[in-house]
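Okay, so the sequence shown: first residue is 1 according to UniProt numbering, each after it adds one. Where is the CB? At the ideal position from N, CA and C, for every residue including glycine. Working notes for the structure below.
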Amino acid sequence: MNPQSWSVASDDYLRYAEASTTYFAEKSVEFAHLESQTDINILDVACGTGVVAAAVVKLLSPTVSLTSTDYASGMVDVVSSKAEKLGWKNVKTEVMDGMNLPLSEASIDAVFCVFGVMLMPDGAKALSEFHRILVPGGKAVYTTWASQELQHLLLNAMAKTKGEEPQGRPWVRSWADLEFCKEQLVAAGFENVSGVLCSGDMPTDAENLDEFIASMTRNPGIRTALLKDMNDDQITQFKKELRASIIEKYGEQDVYKFRADANIAMGTK
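Right, dumping it as structure tokens:
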């Protein structure tokens, strides 16, 4: 995966992923218990289309300063446009690599990374970077997928397309485990490590179902994990199998709500 592939996916994320990740972003911000804090500097790593920024603006003091970062410039551009349009005066944006942050030691009060660490080539290095840039007493909060109904449907569709038996395991196995996520924080030097399993829904309207499915085949993470060896004909078949699996499981619905569980892990420097 490269930055350009995620930049190209920014429109899909804006249309489909935000509805799935907004809830978990808010829960992550709530988990940090920063409501009483003012005049602090917060960093959002792998910001995507800005769900953490929206949560910070909604839940925290307007005097906090947030820098939304992503290594994909297209994602950063989306957040910049949102901040200007919605009047997020305390939000600025910058292109940054979460594994090599161009920030000084002890310069940030809190770091958030929602559904980003698990996709990085070296998530452990990112956590070490979070620890390096935090002030003493600063908090790092990150979120990973634990399980998703949609994930199982994707695996089932892939198996049917290839004529194989369905796989029952997630493609990012280690980060899907809450205890593993907490252990990684300890290994990075964090203390007072805690975590919680959070459940929510990933909704999509029935009228957008086919385009939602098509967006799955354009998602860089899914393409890398599941579709990289498929030709165009197989991807077309995959979309048909995924649609059939969704209808078989849920029937005809006005809104499809795919259940999902996420790990939220936090540590203090």
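Tell me, which residues are paired with residue i by DSSP?
i	result
residue 88	Bridge partners of residue 88: none, in fact.
residue 94	69
residue 258	202
What residue range does the alpha helix (DSSP H) around residue i cover?
i	result
residue 72	Neither: residue 72 is in no alpha helix (DSSP H) and is coded neither H nor E.
residue 217	209–218
residue 47	That residue, residue 47, is in no alpha helix (DSSP H); it is neither H nor E in DSSP.
residue 225	That residue, residue 225, is in no alpha helix (DSSP H); it is neither H nor E in DSSP.
residue 183	178–187
Return the Cβ separation of residue i and residue j in integer angstroms, given the expectation that the two are a contact with Cβ distance under 8 Å.
i	j	result
residue 74	residue 192	Actually they do not touch by this definition, with Cβ atoms about 36 Å apart.
residue 63	residue 39	5 Å
residue 110	residue 117	The Cβ separation is near 15 Å, so there is no contact.
residue 214	residue 239	6 Å
residue 256	residue 203	7 Å
residue 32	residue 139	5 Å
residue 226	residue 119	That belief does not hold up - the Cβ atoms of residue 226 and residue 119 are roughly 14 Å apart, past 8 Å.
For residue i, does the three-state DSSP call read helix, strand or coil?
i	result
residue 40	coil
residue 78	helix
residue 251	coil
residue 118	helix
residue 125	helix
residue 111	strand
residue 150	helix
residue 232	helix
residue 263	strand
residue 34	coil
residue 63	coil
residue 139	strand
residue 134	strand
Determine the burial state of residue i: buried for a count of at least 16 other Cβ atoms within 10 Å of its Cβ, exposed for fewer.
i	result
residue 22	buried
residue 4	exposed
residue 84	exposed
residue 269	buried
residue 263	buried
residue 236	exposed
residue 163	exposed
residue 129	buried
residue 122	exposed
residue 228	exposed
When every heavy atom of the ligand NAP is checked, does at least one fall within less than 7 Å of the C-beta of residue i?
i	result
residue 144	In the structure on display, the ligand NAP does not appear, and there are no ligands present to speak of.
Which stretch, first to last residue, makes up the beta strand (DSSP E) that contains residue i?
i	result
residue 194	191–205
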